[in-house]
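Worksheet: one structure, shown below.
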Amino acid sequence: MDNDSRPSPPVLPRVGLIGVGNMGGAMAARLLSCGYPVAVHDINPKCEAQAVRLGAMACATATGLAASSDVVIVAVVDAAQTQDVLFGPHGAASMLPRGAAVLLCPTIAPADTERLAARLQQQGVDCLDAPLSGGPARARDGSMSLMVACPKAMFKRQRALLEALSSHVFHLSENPGDGARTQLVNNLLASINLAGAAEALALAERLGLHAGRTLEVIEQSSGQSWIGSDRMRRAVAGDYRPRAHTALLNQDVQLALAAARAAGIELALGAPAAALLARACDGGFAALDDASLFEVLRKR
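Following my numbering, the numbering of the sequence shown begins with 300 at its first residue and continues without gaps.
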C-alpha cells in the first residue's frame, strides 16, 4: 500500500493545566507521555519548571494558558483558587472560545461546582465536574479514579482525554455537582479508614508489637484498606514528605461534614476522624503528608 494513503493519526487537543503540584504535575506528566501538547500555569515557579523539563510549555497567566488550549484542566486547591484562575483578573474564562472545555478537578463544595459550571456554560464553554482520587503515583500511571458529572454529549467529546488520564473513569450523571458529592463521600471514608489504620498501628506499638510486621499482617487480613497500606507504609518508615497534605484532607472532610449537616445527617464516624485531622493541623502537621496521623496518635 502506498504510504501516502494511510490515514493520518488523530490530532490531539491542546491541554492547559492550571495547578501542577503533586496531582496536577503527575497529570501533566501522564498527558505528555501520551503525546498531548500541554501548557501549564502555577503560582509556584518550581512546579512549572518541573513540568517544563518534561516537555510542557509554561504560561505566565491563566489567561495566556487558555489562549493556547482547547481543554483547560483546573487542579488547584480550593473553590477560592478555582474562582480566581477562571474568573479573576487574569482568569482563563475570558480567553476560552465557545466549544472549549474545562475540567474541574479540585475537591470543592457541590454548590460551588454548580455555580462555576453554570457560569462557564453561559459563555458556551463545556464544564465537566471531574474530581479525582488515587494520589500522584496513580495519576502519573493513569490508574487514578475520575468521577465525572456532565451531559452525555460533553462526556463523549472528552472521553479520549478522560481515558488517557484514567483507566477508572466513572460517568456518574448529567448533573454538575454530583462529581463533587461523590468525591466528598469518598474522601470522608478515606479519612475514616486512615484514622482507623493510624490508631490500630499506634495501639500495636503500645502493646509491644513491631509496627511494620503488624502492618504486613493487616494488609493480608480483614483490616486492610488501600489508604491504610499506602499511608502507614510511609509512617512506619518515618516518611512524612507531603504527597497528600494533611491540610487538604482536613479541608475535604470539613466539606463532607458541611454537606452532611445540610442533609440533616449526624456522622458517627466521620466527625471523630475530622476532629483528629483538625488536631493534626493545629499540632503542626498541616504541611506534612496525612500519614502524619500516626504521629498524632502514637504521641497521645
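For each residue, glycine too, the CB sits at the ideal point set by N, CA and C.
- Per DSSP, the beta bridge partners of S472 are A448.
- Contact between the stretch 496-515 and the stretch 360-375 is absent: fewer than three C-beta pairs spanning the two stretches fall below 8 Å.
- Counting C-beta atoms within 10 angstroms of its own C-beta, P388 has fewer than 16 neighbours from the protein chains shown and is therefore classed as exposed.
- Rounded to the nearest whole angstrom, the CA to CA distance from Q349 to E462 is 24 Å.
- Following the DSSP letters along the chain, one finds I526 inside the alpha helix (DSSP H) bounded by residues W525 to V535.
- Unbroken alpha helix (DSSP H) stretches of 4 residues or longer found wholly inside the stretch 502-586: 510-518, 525-535, 545-561 and 569-579, given in chain order.
- Secondary structure of D369 (DSSP, three-state): coil.
- In the three-state DSSP reduction, D341 falls in the coil class, being neither helix nor strand.
- Around the beta-carbon of I342, fewer than 16 other beta-carbon atoms lie within 10 Å, marking it exposed.
- With fewer than 16 neighbouring CB atoms inside 10 Å of its own CB, A359 falls in the exposed class.
- Each of V310, A355 and P309 was checked against the Cα of M326, and the nearest Cα belongs to A355.
- For D377, the three-state secondary structure derived from DSSP is coil.
- A contact is defined here as three or more CB-CB pairs under 8 Å, and the stretch 312-327 meets this definition with respect to the stretch 373-387.
- Closest option to V310, judged by alpha-carbon separation, among L460, G441 and A510: L460.
- Nearest to P409 by alpha-carbon distance, out of K345, F469 and R480, is R480.
- DSSP, reduced to helix, strand and coil, places V401 within a strand of the structure shown.
- Annotated as distal: P450 and G423, with beta-carbon spacing of 9 Å or more.
- Here H470 is buried. Its C-beta has 16 or more other C-beta atoms within 10 Å.
- In the pairwise beta carbon analysis, the stretch 558-566 is classified as not touching the stretch 580-599: fewer than three pairs are separated by under 8 Å.
- When secondary structure is reduced to three states using DSSP, C346 falls in the helix class.
- Here M443 has L431, G433, R437 and S465 as same chain residues with Cβ atoms under 6 Å from its own Cβ, once five neighbours each way along the sequence are excluded.
- In the three-state DSSP reduction, A359 falls in the coil class, being neither helix nor strand.
- By the 16-neighbour rule on beta-carbons within 10 angstroms, S490 is buried.
- Membership of L596 in the alpha helix (DSSP H) is indicated by the continuous run L592 to R597.
- Under the three-state reduction of DSSP output, I491 falls in the helix class.
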